[in-house]
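Since the structure comes first, as structure tokens, the remarks are kept for the end.
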Amino acid sequence: MNEYDSARLAALLEFHGWLPAINTEKADVILVNTCSVRAKAEESAIARIKDLKPLKNHSKALKIGVLGCMAKNRGESLFKDLPFIDFALAPNEYEKLPQTLNSQLSTLNSKNIFAKLSNNYSTFIAIQSGCNMKCSYCIVPYVRGMERYREPDSVIREIEAAVAKGVSEVTLLGQTVNGYRCKGLSFAGLLKLVADVKGIERIRFMSPHPKLYTGELLEILLGEPKIAPHVHLPAQSGSNSILKKMKRQYTRENYLSIVEVLRSSNPLYGITTDVICGYPGETEDEFEETLMLLREAQFDSAFMFAYSSREGTSSALEKESLTEAQKKARLQKTIDLQHKITLERTKLMLGRCEKILLEKPSRRNSVEWVGKTGNFRKVIVPSQPNFREGMYVDCVIEGIKGHTLRGKVNG
Ligand code: SF4
22 MNEYDSARLA
32 ALLEFHGWLP
42 AINTEKADVI
52 LVNTCSVRAK
62 AEESAIARIK
72 DLKPLKNHSK
82 ALKIGVLGCM
92 AKNRGESLFK
102 DLPFIDFALA
112 PNEYEKLPQT
122 LNSQLSTLNS
132 KNIFAKLSNN
142 YSTFIAIQSG
152 CNMKCSYCIV
162 PYVRGMERYR
172 EPDSVIREIE
182 AAVAKGVSEV
192 TLLGQTVNGY
202 RCKGLSFAGL
212 LKLVADVKGI
222 ERIRFMSPHP
232 KLYTGELLEI
242 LLGEPKIAPH
252 VHLPAQSGSN
262 SILKKMKRQY
272 TRENYLSIVE
282 VLRSSNPLYG
292 ITTDVICGYP
302 GETEDEFEET
312 LMLLREAQFD
322 SAFMFAYSSR
332 EGTSSALEKE
342 SLTEAQKKAR
352 LQKTIDLQHK
362 ITLERTKLML
372 GRCEKILLEK
382 PSRRNSVEWV
392 GKTGNFRKVI
402 VPSQPNFREG
412 MYVDCVIEGI
422 KGHTLRGKVN
432 G
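So for the sequence shown, this note's numbering puts the first residue at 22; every next one is plus one.
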């Protein structure tokens, strides 16, 4: 979501006459787009902003702005912790950015700004923002507000404009993306419209909520060939009692039934997830149930975290039952198990013929390229003279290095 916001902000600024700087040293303005989803994300953002302070000492004219959820979450206290920053804008204030910059920089002749732009072949499109779910541990509904949906026409227009610039892969974004509903159109209905856009070859979406899987959605996921066979489906826990405390609104059985449908149609359907270890009150048995879920679901990979309390959420009021060391030990056990499962799942790809989207030349070896399969696996292939970013090629998976696949493109 933040990458998407950064790209939109860059486009907005370019429209108002700003240019991307080649590096932070040459920038008149540095914007740091922040995430508040975990305490660690905020700590990383603060560290990154503090790293920018020496630049400010060199150039008094440099302006540093903090954008995103941390600006909303920390409010005025941000200026106490980071007194050298010039302004902060929350996600609902982005349209004020050009005006804020103009008032801050009225004396500057040049207009260089540092921002991350999306690539030419694949783009993110936000279709929904905010979240109505109120999971007990999550700060997102407090910083992003209630759910809002973009009109289908506006979504399709943005995709068509991206296709005109060479994009063929689109990732639809939303905090609970499959809860999309607008003008009588469901998420499944929107997927159909996106699949009909000429020039779109691969559709992804992030992040769906397990509670919001409908029969209609499963039908299009399995029936529309443009929809990539991969889903990031946050499980968080394998224990029904912990899921209830987390207010996730589904059971492990509901969750596993989605996995079953997807994998019975395609055993290599990529399923990745998020897991929180050591939620307040999590017993050894409840933790074991999470490990069992990992084994049963056979996730291709997972983002795994030790529980960290976020002020303002309802779980922050619950008494923590585990020490940091105990939470870390559970996290390590989860990571070790998932690594084994990931390796087993990776081996299943050997010998397969896969269509990959070429992304870029490998940074480690200039005679190799990096591509992605539909089920979201990274593949390294030997370079060929006609290779270019955004090209689809068929390759045979011949080997594995770590968790990365190595393939060969014929012809
Ligand atoms: S569904 Fe839950 S975890 Fe996801 S953004 Fe909403 S409140 Fe947070």
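Using N, Cα and C, we set each Cβ at its ideal position, and we do this for glycine too.
- Assuming Val191 and Ile146 make a contact with CB atoms under 8 Å, what is their CB distance in whole Å? 6 Å
- Identify the continuous beta strand (DSSP E) that holds Ala323 and give its terminal residues. Ser322 to Ala327
- Message: Rounded to whole angstroms, what is the Cα-Cα separation between Phe135 and Leu34?
- Response: Confidence in Phe135 is poor, its pLDDT being 47 and thus under 50, which makes the residue's placement too unreliable to answer from.
- Message: Quick check: is any heavy atom of ligand 1 less than 8 Å from the C-beta of Arg269?
- Response: yes
- Give the DSSP-derived three-state secondary structure of His79 in the structure shown. Residue state, collapsed to three classes: helix.
- Item | Neighbour-count burial assignment, Arg357, 16 or more Cβ in a 10 Å radius | The amino acid occupying residue 357 in the given sequence is Asp; Arg does not appear at that position. It is exposed - the Cβ of Asp357 has fewer than 16 other Cβ atoms within 10 Å.
- Item | Residues near Pro8 by beta carbon distance below 7 Å, same chain, minus five either side | An answer regarding residue 8 cannot be provided, because it is not within the stretch 22 to 432 covered by the chain.
- Residues that DSSP places opposite Gly89 in a beta bridge: Thr55
- Item | Top-ranked residue by Cα proximity to Pro288, from Gln319, Phe308 and Glu310 | The shortest C-alpha separation from Pro288 is found at Gln319.
- Please check the pair Val198 and Phe208, which I expect to be a contact at CB under 8 Å, by giving their CB distance rounded to whole angstroms. 7 Å
- Task: Give me the Cα-Cα distance between Phe397 and Lys101, rounded to the nearest whole angstrom.
- Result: 42 Å
- Counted within 10 angstroms of its Cβ, other Cβ atoms place Thr128 as buried (16 or more) or exposed: For Thr128, the predicted structure reports a pLDDT of 49, less than 50, and the residue's modelled location is therefore unreliable. The matter cannot be settled from this model.
- Message: Can you tell me whether Arg373 is helix, strand or coil according to DSSP?
- Response: Looking at Arg373 - three-state DSSP - the assignment turns out to be coil, as it is neither helix nor strand.
- Message: To the nearest angstrom, how far is the alpha carbon of Lys354 from that of His424?
- Response: 19 Å
- Given a threshold of 16 other Cβ atoms within 10 Å of its Cβ, counted over all protein chains shown, does Ile51 qualify as buried or as exposed? buried
- Message: The alpha helix (DSSP H) that contains Glu63, what's its start and end?
- Response: Glu63 -> alpha helix (DSSP H) spans Ala60 to Asp72.
- Nearest-angstrom Cα separation, counted from Tyr276 out to Lys81: 54 Å
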